Amino acid sequence: MLIGEIIKVAFQAIRANKMRSILTMLGIVIGIAAVITMVALGEGAQRAVSERLQQLGTNVLSVNPGQQMFGGVDRGSGAALLVQDAEALMRDPRYIKDVSPEMDRRLQVGYGNGNSNTSIRGIWPNGFKINNLDVAYGRFFTEGENRGRRRVAVVGARVGDPLNIETTSLIGKTITIKGIPFDVIGVLKEKGQGMGFGGSVDDRIYIPLATAQFRVFGQERVNEIQVQALSPEVMNGAMAEIDRVIRREHRIRPGDASDFSIRNQATLLDTFQETTETFSFLLAAIAIVSLVVGGIGIMNIMLVSVTERTREIGVRKALGARRRDILLQFLIEALVLCMAGGILGLGLGVWVAHLMASMAQWNTIVAPESAILAIGFSAFIGIFFGLWPARRAASLDPIVSLRYE
């Protein structure tokens, strides 16, 4: 038989049992769609981690109050971090480029008839540079405004949404934070969803640290101190310098545990990315299991088809069809079913990924490599699970097949 005729006979057999062919493909469709969706979620999460890492910078450290343990019992956070600790870090820095003590709290914000519960962060002016923040409109507040405890604010790009106003129109307007009026002098560039460490930058309001301490929050202690090292290469030196200086400021004796902790945010993000990759592989593995189940379904249906068409196989062999012709015919049937299911599953997976991105605001990325891999794997499933039924059909004795009822 010619290859063209073999393919034609295979397609005729598929069309002859449309409903059974559709149900057979369903397992492959679901499996491929699951693989595409899970991989898209994993790729999106990794992209979000990379973007967040670029936002934070690779040379930023965070100093936080530590946990004090006495006799194995957690006594809560250690000694408070103060502005004086940040000032001590900048007296004679060796590996440190800049610092910014910061404190935040969620407070009621009002403008006109609108109000919202918004994250308020008090920082030094150089904290904007440390955290890679830029203004889209207006300006940052100055060191003089910080020392003078001025009531000025720089708002994130989405702060106006819950206040029922376009954020850019807040420039020059007065908002209230905990009932205290603040003049909006700047709007930050939009950063996007990010990874959510400490909340989204777009939904946050920044005010001078001294204003936050003495006019809004009513306390001197800060939540953390952001420290920028000279370069990523001297991060270990910067961590050692921070440890030495703050232990001296807190009068901690040699051998005693520190009452603060130092976090490398880049390391945290790398760890999160590794976890995300592992989780993505796990989800993809679960999706592949459904593909294998679909392949087993195809093998089962093909074996049934061989049994039903035993007499037909005998007739074809009696008319001169060779063993490899029968083998190729049934193998093409299995391959067509899997490839068609793979293409439909690819379309379904891409649609579900985009649906998640638009409705749930999840980061999803459908990489061309994952699409090619999914189609290739569906073809492999078709060949692998279709080979046994095809060989069984090809090995049938023509005389016995013609007698089969």
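This note's numbering puts the first residue of the sequence shown at 1072, with every later residue one more than the last. C-beta atoms are modelled at their ideal positions from N, C-alpha and C, and glycine is treated no differently. Only a predicted model underlies this, so the values are computations on that prediction, with no experimental measurement involved.
Presumed contact (8 Å Cβ cut-off) between residue i and residue j, rounded CB distance
i: V1100; j: L1444; result: Wrong, their Cβ atoms sit about 16 Å apart, outside the cutoff.
i: V1377; j: R1463; result: 6 Å
i: G1365; j: G1098; result: 3 Å
i: E1348; j: G1113; result: 7 Å
i: R1292; j: F1253; result: Not confirmed; about 22 Å, so no contact.
i: A1461; j: L1398; result: 5 Å
i: G1447; j: I1369; result: Between I1369 and G1447 the Cβ distance is about 16 Å, and since that is not below 8 Å, they are no contact.
N-terminal and C-terminal residue of the beta strand (DSSP E) that residue i is part of
i: T1245; result: T1245 to I1248
i: F1253; result: I1251 to L1259
i: F1331; result: F1331 to N1335
i: R1192; result: G1185 to I1194
i: Q1179; result: I1167 to Y1182
i: R1209; result: One detail in the question is off: residue 1209 reads as Gly in this sequence, not Arg. Per DSSP, G1209 belongs to the beta strand (DSSP E) from V1206 to G1209.
i: A1224; result: V1223 to V1226
i: I1436; result: Element bounds for I1436: n/a, residue is neither H nor E.
i: I1276; result: R1275 to P1279
Sub-7 Å separation of residue i and residue j beta-carbons
i: S1187; j: P1233; result: yes
i: G1257; j: R1210; result: yes
i: S1361; j: G1102; result: yes
i: G1231; j: V1272; result: no
i: M1096; j: A1411; result: yes
i: E1158; j: Q1297; result: no
i: R1220; j: R1176; result: no
i: S1133; j: E1312; result: no
i: L1417; j: I1107; result: yes
i: L1178; j: L1259; result: no
i: L1241; j: V1225; result: no
i: D1169; j: I1201; result: yes
i: Y1166; j: G1308; result: yes
i: D1274; j: R1324; result: no
Contacting residues, own chain, Cβ-Cβ under 7 Å from residue i (five flanking each side not counted)
i: N1130; result: Q1299, A1300, S1302, P1303 and M1306
i: R1118; result: N1434 and I1436
i: E1214; result: P1196
i: E1237; result: G1231
Residue i, enclosing alpha helix (DSSP H) - first and last residue
i: Q1155; result: V1154 to L1160
i: P1303; result: Premise fails: P1303 is in no alpha helix (DSSP H) and is neither H nor E.
i: E1291; result: Per DSSP, E1291 belongs to no alpha helix (DSSP H) and is neither H nor E.
i: P1130; result: The residue you asked about is not Pro; residue 1130 is Asn in the sequence shown. Per DSSP, N1130 belongs to no alpha helix (DSSP H) and is neither H nor E.
i: P1439; result: P1439 to A1465
i: I1201; result: G1198 to I1201
i: I1414; result: R1394 to M1430
Cβ neighbours of residue i in the same chain (closer than 6 Å, five flanking residues each side left out)
i: S1332; result: N1135 and G1137
i: N1235; result: G1185
i: R1091; result: none
i: L1374; result: P1460
i: R1018; result: Outside the shown range of the chain (1072 to 1476) lies residue 1018, about which nothing can therefore be said.
i: T1247; result: G1181
i: R1086; result: none
Cutoff 8 Å; reference residue i; Cβ partners in own chain excluding five residues on either side
i: G1143; result: Low confidence applies to G1143: its pLDDT is 40, below 50, so where it sits in the model is not reliable, and the reading given next is rough at best. Nothing listed; no residue qualifies.
Decide yes or no for the touch test of the region 1274 to 1282 against the region 1180 to 1196: beta carbon pairs closer than 8 Å, at least 3 of them. yes
Inter-stretch contact at 8 Å, needing at least 3 Cβ pairs: the region 1389 to 1407 / the region 1451 to 1465: yes
At a cut of 8 Å, does the region 1421 to 1437 reach the region 1380 to 1398 through at least three beta carbon pairs? no
Is it a yes or a no for the region 1315 to 1327 touching the region 1197 to 1213, going by three-plus beta-carbon pairs under 8 Å? no
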